[in-house]
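For the sequence shown, the numbering used here begins at 892 and goes up steadily by one. C-beta: ideal position from N, C-alpha, C; glycine also. Here is the structure we will look at, set down as structure tokens.
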Amino acid sequence: MDIETSGAIRLFFPNPSLTLVYFEALANALDAGATEISIDIDVQAFDKPETLKITVSDNGDGFTDENFERFRKLLRPRDKFHKGIGRLVFLNYFSRVDVTSTRSKWRRTFIFKDGFDSNVPIENLKDEQPVKTTLVFNGFAKDRVKSYDDLKPDALKPLLIEQFLPTLDARKRDGKAFKISISLKTNESNAQKEFFPHETAITPDDLPSMTKITIQDDSLDAISAIDMYYHIESVAGKGSSLTAFSIDGRTIPANLISPSSFPAGYLCVFLFESEIFHSNADSSRQKLVLPEGIQQARLSRVLRRELGKVLAEKVPQITEKNEKIKEKFEEQFPHLLGFFETDTVGLIDRDDALAIAQQQFFRIQKEILQCEKLSETAYEKSLELSSRTLTEYILYREKIIGRMKAMTADNAEADIHNLIVPRFKEFSQDTLSSEIYQNNAWLLDDKFMVFRTILSEKSMDAVINAIRLDDENAGDTGRPDIAMIFSADPNDTAPVDVVVVEIKKKTDEEKDNFYAVNQLLDRAGKLVAYCPNIQRVWYYAIMNINDTTAFRLRQFKWTPFFSKGKVYYQEFDTPHPDGRIIPTPTFVVSFDAIVADAECRNHTFLEILRDGMKKYAENHADGESPVDE
């Protein structure tokens, strides 16, 4: 065999570890039908890796001519289940492997290393020999052993059980005895690291008793079923979990549920076996490679669902956890109702649960948008998706209201301006759908959602200078706190409405407050004169309204609006230089009124949509898309 070992290792085993040496040696022994296997680890001290020697012996078929022929030729597997490359990992950690195989009256001895001489005939013997194959790993090729656990029998035992559970469990079910002995010999123990001579063994008694459930889902494969083997038991301490695919007698992790999500105090094992998975591992046996036509996302949903059902039945607190998280999700994300994996929502990471639901939502959106013709069912689905999208927007508005509520007197007026109406941006009607998340003038009134034109900084400066009152100084210190949004481009000749938001200085002085109210009318006059195509001015003055100010507003014929805060309204007539009268509906509003009223309006929308989504989800529990193919 003439290969460049280091390059082949990087190609086939991108993330090798010393445990792979044990895995591959044990796999070879089990493939050979061995029932007695020993793994003997000999090292003078943990910090003396150059002294490490590992011996693996078994009573399997050994290196017969047929077996040796496959061994000496790389990528010449015995069948589709075997890759024919596992032995490469030996040379990543050891410079040589001394192999001796005896059976009946023959023996084969050779050294596996770089430049391996594959011309090794069988040696005939006079006397009958015991059946035994021994691999001795010498010349540790690394600077150090990365982990004590790679050498400790008690740490290796659960790893070997996990890796070969499908093979070992099958033997147990067939009543076939086996014993895998693991021992450590060292001259220098380390009590602190619990590193000392020790031995243990794996027998059928160490394996969990597995229960089988058959899963049939035509959306995955109309022919092949999936067998789920599981074991759940209460144990002392934190517990542990294993969720894996059974592929050719070995396991490959199935990242369906985070180990931390399994209930504490339980041993949980889930193995999934199917024709779908056979021989479908990558070269390093660390990842499942699905056959064409089977989607990973769909497979994960099906397996998580079945796994979740078992856990809900066997572990009562799982159901409780699922229900609590489900209720929380329904409250926070009603637009995704019906897309959450309700059987496992409490078992997977919160972000993962949301991502899965969101992907489902996007998938169905895509299906609808790609339809050349809407069937009746697809039309109904499009209406549902529209409702979900609207719900998503209403949820966004709740977040904006939350930010508004969090603002205090210490916040700069510019922060409030940018939250209501972003400054210095120019929008257009053509981009309404994408920019609707940037204009929050609905905080004042929902009709302002369609006002899109916000002045650039240069244009805004020109307007501010034009409407500056006589007692306001030029420059930033004398600049009034004003934000504006127009129903159309004010530079065009077409008539436009304009919303003016002015935040007045916080004060309880009645004189200052009424002076501020009188300023509104003067500023409206200057604005109408500056922008001749204005047909209406919606003026909002945000200010502190104490009881005295409220009383005085009533005296001057300001009408109080129903509100959880204080809102007063009066419509004025602003003369245009050309003689026309420009209606100027004017609102004096307390800050808390904006927040409370917007919250009330938005919450009503949200409750209507949330109830609708909940009813739809209950009526379409299967979550399948009715879109015609």
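| Item | Value |
| --- | --- |
| Integer Cβ distance of V1486 from K1296, believed to fall under 8 Å | 5 Å |
| Where the beta strand (DSSP E) through R961 begins and ends | Here R961 belongs to no beta strand (DSSP E); instead the alpha helix (DSSP H) covers D956 to R963. |
| For L1133, three-class secondary structure by DSSP | strand |
| Contact set for L943: own chain, Cβ-Cβ below 6 Å, skip 5 residues either direction | V934 and F1031 |
| Between the CA atoms of L1162 and F1136 - distance to the nearest angstrom | 6 Å |
| Pair within 8 Å by beta-carbon distance, E1232 and A1246 | no |
| Proximity winner among T955, P940 and K1200, relative to Y1121 (alpha-carbon distances) | K1200 |
| Alpha-carbon spacing of F972 relative to K1290, whole angstroms | Any reading at F972 must be qualified, since the residue scores a pLDDT of 44, below 50, and its modelled position is unreliable; no value is offered. |
| Residue closest to F1482, alpha-carbon to alpha-carbon, out of T1024, S1125, Y1459 and L1133 | Y1459 |
| Secondary structure of C1422, DSSP reduced to three states | coil |
| Spatial neighbours of E1520 in its chain, beta-carbon cut-off 6 Å, leaving aside the 5 residues before and after | Note that E1520 has pLDDT 39, beneath the 50 cutoff, so the model's placement of it is unreliable and the number below is only indicative. Taken in chain order, the list of residues that qualify is empty. |
| Proximity below 8 Å, CB of V1390 to CB of I1373 | no |
| Whether L1444 touches V1479 by CB criterion (8 Å) | yes |
| Contact the stretch 1076-1084 vs the stretch 1095-1114: 3+ CB pairs below 8 Å | no |
| Ordered list of alpha helix (DSSP H) runs contained in the stretch 1160-1236, each at least 4 residues | 1187-1205 and 1207-1223 |
| Bounding residues of the alpha helix (DSSP H) (the contiguous stretch that carries N919) | L909 to D922 |
| Cβ-Cβ separation, V990 to F954 (assumed contact under 8 Å), whole Å | 7 Å |
| Residue interval of the beta strand (DSSP E) (run including R978) | Here R978 belongs to no beta strand (DSSP E), and DSSP marks it neither H nor E. |
| Inter-residue spacing [alpha-carbon to alpha-carbon] between D1306 and K1395 | 14 Å |
| DSSP-derived helix/strand/coil call for H1122 | strand |
| Residue span of the beta strand (DSSP E) that contains Q1020, given as start and end | E1014 to F1031 |
| Buried versus exposed, by CB contacts within 10 Å (16 or more), S1165 | buried |
| Closest by C-alpha distance to A1484, when choosing among D1464, I1292, K1505 and P1468 | I1292 |
| Beta-bridge pairing of K944 - partner residues as DSSP gives them | D933 |
| DSSP-derived helix/strand/coil call for M1101 | coil |
| Helix, strand or coil at T1094 [DSSP, three-state] | coil |
| Opening and closing residue of the beta strand (DSSP E) in which Q1107 lies | Here Q1107 belongs to no beta strand (DSSP E), and DSSP marks it neither H nor E. |
| Start-to-end residues for the alpha helix (DSSP H) that takes in I1052 | P1044 to R1064 |
| Residues sharing a beta bridge with F1001, DSSP | V990 |
| Where K1402 sits in the DSSP three-state scheme | helix |
| Simplified DSSP assignment, three categories, for A1374 | strand |
| Bridge partner(s) assigned by DSSP for F1086 | N1081 |
| C-beta atoms of G924 and D952 nearer than 8 Å | yes |
| Nearest candidate by alpha-carbon position, reference V1027, set L1050, L1194, F985 and G1066 | F985 |
| Rounded straight-line distance, which links the Cα of R994 to that of T948 | Reading off the sequence shown, one finds Ser at residue 948, where the question assumed Thr. Cα to Cα, S948 sits roughly 13 Å from R994. |
| Straight-line gap, V1387 to S1151 (C-alpha atoms, nearest Å) | 59 Å |
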